[in-house]
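Asks: In this note's numbering, the protein residues as written are 5 to 324.
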């Protein structure tokens, strides 16, 4: 895709670049090689194994970006389908939370690009966040007792239940780690790996899944991004809505009041209560607050890597 400069752009003198070329390079390792060889100037995402090598390259700038054009304060989140067994049982959701090793995910899948999440609001949204929530530390010893209590006892083969985990191919490694974690407590996970749009359609539109996953991103306020996941009025066949099918009138009330309250302290208290309720009921399981890297050639200046207007003020050394 080739973009050319709009001479009638409403901001005088901008943009600086005459032309921008977007290249589609499906293989991440090939994209990194193109950057290193000067065939590309900017990469949106960096594979974890390549981070250290790029950090050592004097011709490349590697920068953390907690936000992008799709939003900020993103949390990779497991979606429990509460409309059908086994996730209609709280004990099962709690067991999954204890069984999944998020520290392993952070280190081996995300290469420490982020933090372990504590609930539905990212810790970086500091004014609305509270750490005073129910915690489910990794405890494969606790998970079997919870599954027993929900009536899912091991059969002769040691398996307690089977779930279908629908996910986009970009989450393949995450899904494999989760499958292996759950196998240790007697849960068989069938991985349904799909192209991104197909996965979104199956989870959010058709609700044909047991377990799903999505990156829920937000704006600078919980009303812009967090609310949509939990309102009972947002259980609709549309992408990135209340995919779990979660219903709680108190949560609906708190979100509605917070959206129409002006005082930030009062709003924060409502969001704190929301976080305490949701972490008790676990309609989703919040994995990682993601914060990835962007990489670009050092001669490219003033890229706004955290925003939608990435290239509006960008320029190349020697051209201004």
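Each residue gets a CB set at the ideal place from its N, CA and C atoms; glycine is no exception.
Predicted, not measured: the structure shown is a model, and the values here were computed from it.
Keeping to the same chain, check which residues put their C-beta closer than 7 Å to that of residue 24; ignore five residues upstream and five downstream.
Replies: The residue given as residue 24 occupies position 20 in the chain shown. If we look at residue 24 and ignore the five residues flanking it on each side, its Cβ neighbours are 7, 315.
Asks: Would residue 122 be called buried (16 or more neighbouring beta carbons within 10 Å of its own) or exposed?
Replies: Along the chain shown, read from residue 1 onward, the residue named residue 122 stands at position 118. With 16 or more other Cβ atoms within 10 Å, it is buried.
Asks: List the whole-angstrom C-beta distance separating residue 301 from residue 45, where the pair is believed to meet the contact cut-off of C-beta under 8 Å.
Replies: Here residue 301 refers to the residue found at position 297 of the chain shown. Here residue 45 refers to the residue found at position 41 of the chain shown. Confirmed, about 5 Å.
Asks: Check whether the Cβ atoms of residue 59 and residue 294 sit closer than 8 Å, and answer yes or no.
Replies: Counted from its first residue, the chain shown places residue 59 at position 55. Counted from its first residue, the chain shown places residue 294 at position 290. No, the Cβ-Cβ distance between residue 59 and residue 294 is not below 8 Å.
Asks: For the 8 Å Cβ check, are there 3 or more pairs between the region 91-111 and the region 181-199?
Replies: Short answer: they touch.
Asks: Reducing DSSP to helix, strand and coil, say where residue 216 ends up.
Replies: Residue 216 sits at position 212 when you count from the first residue of the chain shown. Note: residue 216 maps to strand in three-state DSSP.
Asks: Do the region 148-155 and the region 52-67 meet, that is, are 3 or more Cβ pairs less than 8 Å apart?
Replies: Contact fails: fewer than three Cβ-Cβ distances are below 8 Å.
Asks: Is the separation between the beta-carbon of residue 138 and that of residue 70 shorter than 8 Å?
Replies: Counting from one through the chain shown, the residue named residue 138 turns up at place 134. Counting from one through the chain shown, the residue named residue 70 turns up at place 66. Going by C-beta atoms, residue 138 is not nearer than 8 Å to residue 70.
Asks: Leaving out five residues on either side along the sequence, give the residues of the same chain with a beta carbon under 7 Å from the beta carbon of residue 258.
Replies: For the purposes of this step, residue 258 is identified with residue 254 of the chain shown, where counting begins at 1. Here the set comprises 274, 277, 278.
Asks: Roughly how many whole angstroms lie between the Cα atoms of residue 212 and residue 206?
Replies: Counting from one through the chain shown, the residue named residue 212 turns up at place 208. Counting from one through the chain shown, the residue named residue 206 turns up at place 202. Distance between the alpha carbons of residue 212 and residue 206 is about 6 Å.
Asks: Tell me whether residue 141 sits in a helix, a strand or coil according to DSSP, three-state version.
Replies: Position 137 of the chain shown, counted from the first residue, corresponds to residue 141. Coil.
Asks: Among residues of its own chain, excluding the 5 on either side of residue 304, which ones have a beta-carbon nearer than 7 Å to its beta-carbon?
Replies: Taking the first residue of the chain shown as 1, we reach residue 304 at position 300. Contacts found: 45, 46, 318, 320.
Asks: Return helix, strand or coil for residue 305, following the three-state DSSP convention.
Replies: Locating residue 305 in the chain shown gives position 301, where the first residue counts as 1. Note: residue 305 maps to strand in three-state DSSP.
Asks: Where residue 240 and residue 31 are concerned, what is the direct C-alpha to C-alpha distance, given to the nearest angstrom?
Replies: Your numbering for residue 240 matches position 236 in the chain shown. Your numbering for residue 31 matches position 27 in the chain shown. So the two alpha carbons sit approximately 34 Å from each other.
Asks: Give the DSSP-derived three-state secondary structure of residue 197 in the structure shown.
Replies: Position 193 of the chain shown, counted from the start, is the residue given in the question as residue 197. Residue 197: strand per DSSP, three-state reduction.
Asks: Between the beta-carbon of residue 246 and the beta-carbon of residue 261, is there less than 8 Å?
Replies: The count along the chain shown starts at 1 and reaches residue 246 at position 242. The count along the chain shown starts at 1 and reaches residue 261 at position 257. Taking 8 Å as the Cβ cut-off, residue 246 and residue 261 do not qualify as a contacting pair.
Asks: Using the rule of at least 16 other Cβ atoms within 10 Å of the residue's Cβ for burial, across every protein chain shown, is residue 172 buried or exposed?
Replies: Start at 1 with the first residue of the chain shown, and residue 172 comes out as number 168. It is buried - the Cβ of residue 172 has at least 16 other Cβ atoms within 10 Å.
Asks: For residue 51, tell me which candidate among 114, 268, 217, 310 has the shortest Cα-Cα distance.
Replies: Position 47 of the chain shown holds residue 51. When each option's Cα is compared against that of residue 51, the closest is 114.
Asks: Between residue 102 and the rest of its own chain, which residues show a CB-CB distance below 8 Å, the 5 nearest in sequence each way excluded?
Replies: As a working mapping, residue 102 is identified with position 98 in the chain shown. So the qualifying residues of the chain are 140, 141, 142, 143, 144, 146, 147, 150.
Asks: Any idea if residue 90 is buried or exposed, counting beta-carbon neighbours within 10 angstroms, 16 or more meaning buried?
Replies: As a working mapping, residue 90 is identified with position 86 in the chain shown. It counts as buried.
Asks: Quick check on residue 250: does DSSP put it in helix, strand or coil?
Replies: Sequence index remark: in the chain shown, residue 250 carries index 246 (1-based). The answer is coil: DSSP assigns residue 250 none of H, G, I, E or B.
Asks: Using a 10 Å radius around the Cβ and a threshold of 16 neighbouring Cβ atoms, would you call residue 4 buried or exposed?
Replies: Residue 4 lies beyond the residue range present for the chain, which begins at 5 and ends at 324; the question has no answer from this structure.
Asks: Excluding five sequence neighbours on each side, which residues of the same chain lie with their C-beta closer than 6 Å to the C-beta of residue 99?
Replies: Counting from one through the chain shown, the residue named residue 99 turns up at place 95. Counting only Cβ-Cβ distances below 6 Å, and skipping sequence neighbours, we find 147, 150, 151.
Asks: For the alpha helix (DSSP H) that contains residue 329, what are its first and last residues?
Replies: The requested residue 329 is not part of the displayed model; the chain covers only 5 to 324.
Asks: Have a look at residue 309 and residue 223 and give me their C-alpha separation to the nearest angstrom.
Replies: Here residue 309 is taken as the residue at index 305 of the chain shown, counted from 1. Here residue 223 is taken as the residue at index 219 of the chain shown, counted from 1. Using only the alpha carbons, I get a separation of about 16 Å.
Asks: Which word fits residue 264, buried or exposed, when buried means at least 16 other C-beta atoms lie within 10 angstroms of its C-beta?
Replies: Residue mapping note: residue 264 aligns to position 260 of the chain shown, counting from 1. When all chains shown are included, residue 264 counts as exposed.
Asks: Can you check whether the CB of residue 87 is closer than 8 Å to the CB of residue 269?
Replies: Here residue 269 refers to the residue found at position 265 when the chain shown is read from its first residue. Here residue 87 refers to the residue found at position 83 when the chain shown is read from its first residue. Not in contact: residue 269 and residue 87 (Cβ atoms no closer than 8 Å).
Asks: Which of the three DSSP states, helix, strand or coil, is assigned to residue 321?
Replies: For the purposes of this step, residue 321 is identified with residue 317 of the chain shown, where counting begins at 1. Coil at residue 321, not helix or strand.
Asks: Three-state secondary structure (DSSP) at residue 11?
Replies: To locate residue 11, count along the chain shown from 1; it is residue 7. It is coil, neither helix nor strand.
Asks: Could you say which of 36, 170, 282 lies nearest to residue 66 if we only look at CA atoms?
Replies: For the purposes of this step, residue 66 is taken as the residue at position 62 of the chain shown. Minimum Cα distance to residue 66 is reached at 36.
Asks: Going by C-alpha distance, which of 218, 176, 18, 291 is nearest residue 119?
Replies: As a working note, residue 119 is residue 115 in the chain shown. Of 218, 176, 18, 291, the residue nearest in Cα terms is 291.
Asks: Could you check how far apart the C-beta atoms of residue 82 and residue 215 are, in whole angstroms? I think they sit under 8 Å.
Replies: The sequence position of residue 82 within the chain shown is 78, counting from 1. The sequence position of residue 215 within the chain shown is 211, counting from 1. Residue 82 to residue 215, Cβ: 6 Å. Contact.
Asks: Determine the burial state of residue 85: buried for a count of at least 16 other Cβ atoms within 10 Å of its Cβ, exposed for fewer.
Replies: Numbered from 1 along the chain shown, position 81 holds the residue referred to as residue 85. By the neighbour-count rule (16 or more Cβ atoms within 10 Å), residue 85 is buried.
Asks: Check each candidate in 39, 226, 281 and name the one with the smallest Cα separation from residue 253.
Replies: As a position in the chain shown, residue 253 is number 249, starting the count at 1. For residue 253, the nearest C-alpha among the options comes from 281.
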